[in-house]
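Read through the structure below, which is laid out as structure tokens, and then see the notes.
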Amino acid sequence: MDAVNLTWCVIVDSDRVAAGAPPSPDALSILASRSPTCRTVEIMNRTAIENYLDPSKIAAITGVLCAVPQYGRPTDPAGNALTKNDLKTIKRNAGRVAAAMGPDIVPFSLDSSGASEWITLFSNVKNAFGL
């Protein structure tokens, strides 16, 4: 993107294992290696995008029944690890699930102060692009 002078941004999974834990070395590396045309790197507070999704929408779209913690990987409803295939299915369909949630994604993104991480994150992106 630098070669053609396109401006862009990136939203990165933090891979945090718990609230207050530091982002993963990979997330920090992406932040540190930001190219000149990248307007902003936003690291999510929770582990990954799946941690913001409604389990009922995941089930409706993917057929995977799961529980979604704020940190860590989704599990089956009993708290057992999902199969690698089920995790991949959820990841592959995260965009479809988020789209199906529409504005209902906001309550799934509230932090301990009641603010929506999604609203904050996309406000930061808008500001980075001067929108």
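Take 57 as the starting number for the sequence shown in the numbering used here and just add one per residue.
The beta-carbon is built from N, C-alpha and C at its ideal position, and this holds for glycine as well.
Check                                                                                                                   : Outcome
Spatially closest choice to TRP92 from GLN126, THR63, PRO159, by CA coordinates                                         : Checking the sequence shown, residue 92 turns out to be Pro, not Trp. The shortest Cα separation from PRO92 among GLN126, THR63, PRO159 belongs to THR63.
Enclosing alpha helix (DSSP H) for ARG148 [first to last residue]                                                       : 140-148
Residues of its chain near ILE161, where Cβ-Cβ distance is below 7 Å and the 5 sequence neighbours each way are ignored : TYR108, ALA154, TRP174
Same chain, Cβ closer than 6 Å to ALA74, five either side skipped, listed in chain order                                : TYR127
THR63 - DSSP class collapsed to helix/strand/coil                                                                       : coil
Boundaries (first-last residue) of the beta strand (DSSP E) holding THR176                                              : That residue, THR176, is in no beta strand (DSSP E); its alpha helix (DSSP H) goes 173-184.
Beta bridge counterpart(s) of GLU98 as assigned by DSSP                                                                 : ILE67
Buried versus exposed call for ALA88 [16 or more other C-beta atoms within 10 Å across all chains shown]                : exposed
Burial state of PRO78, where buried means 16 or more other Cβ atoms lie within 10 Å                                     : exposed
Contacting residues, own chain, Cβ-Cβ under 6 Å from ASP142 (five flanking each side not counted)                       : VAL120
Integer-rounded CB distance, given that ASP71 should sit under 8 Å from THR103                                          : 6 Å
Backbone CA spacing between SER172 and VAL66 [nearest angstrom]                                                         : 19 Å
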